[in-house]
Structures are given as C-alpha cells and as structure tokens.
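Worksheet: the structure to be examined is printed underneath.
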Ligand SMILES: [Zn+2]
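In the working numbering, the protein residues as written are 3 to 74.
See below:
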C-alpha cells in the first residue's frame with residue numbers, strides 16, 4: 003500500500019494542459035508539493051494572471067462586435 007498522498011497526481015496545468023512535472027529537490031527527492039500548483043510552472047502562472055489582467059478572459063454572454071464574414 004502506498005502511503006497517503008504519495009499517489010496523488012494533480013490535474014493538468016489549466017494554462018497549457020500539460021501534466022505538472024513532479025516537484026523534485028535538487029537532490030532528486032520529491033518535495034511532496036507543487037510549487038506552482040495548479041500550474042506547471044511559474045511562467046504559466048504569470049501567463050494566466052496576465053490573461054486576466056489584460057482581459058483575455060471574457061465573461062460569456064457578451065458578444066464581441068467582430069465582423070464575422072460568413073460566405074455560403
Ligand atoms: Zn503550464
């Protein structure tokens with residue numbers, strides 16, 4: 003039987019959908035926690051934060067006035 007918590011796998015990174023790499027210390031041992039959880043890296047965390055700040059995430063229901071040219 004595995005000790006509690008050892009088999010825990012976090013969900014994939016919400017930013018790039020990649021699996022979170024196992025958090026390893028420099029000596030190769032597991033730290034037991036993901037430093038950038040729920041993101042795979044600090045970069046993704048910052049990208050996600052930046053997306054919110056720049057309005058990349060738009061609340062659904064507010065149609066954008068983009069000119070969609072639909073040719074039959
Ligand atoms: Zn990521």
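Cβ coordinates follow ideal geometry from the N, Cα and C atoms, glycine included.
Query	Result
DSSP three-state call for residue 11: helix, strand or coil?	coil
Please write down, chain order preserved, every residue whose beta carbon lies under 7 Å from a heavy atom of ligand 1.	15, 17, 18, 20, 41, 42, 43 and 46
Could you give the DSSP three-state label for residue 32: helix, strand or coil?	strand
The alpha helix (DSSP H) that contains residue 21, what's its start and end?	Per DSSP, residue 21 belongs to no alpha helix (DSSP H) and is neither H nor E.
Measure how close the beta-carbons of residue 12 and residue 20 come, nearest whole angstrom, since I'm counting them as under 8 Å.	Not confirmed; about 11 Å, so no contact.
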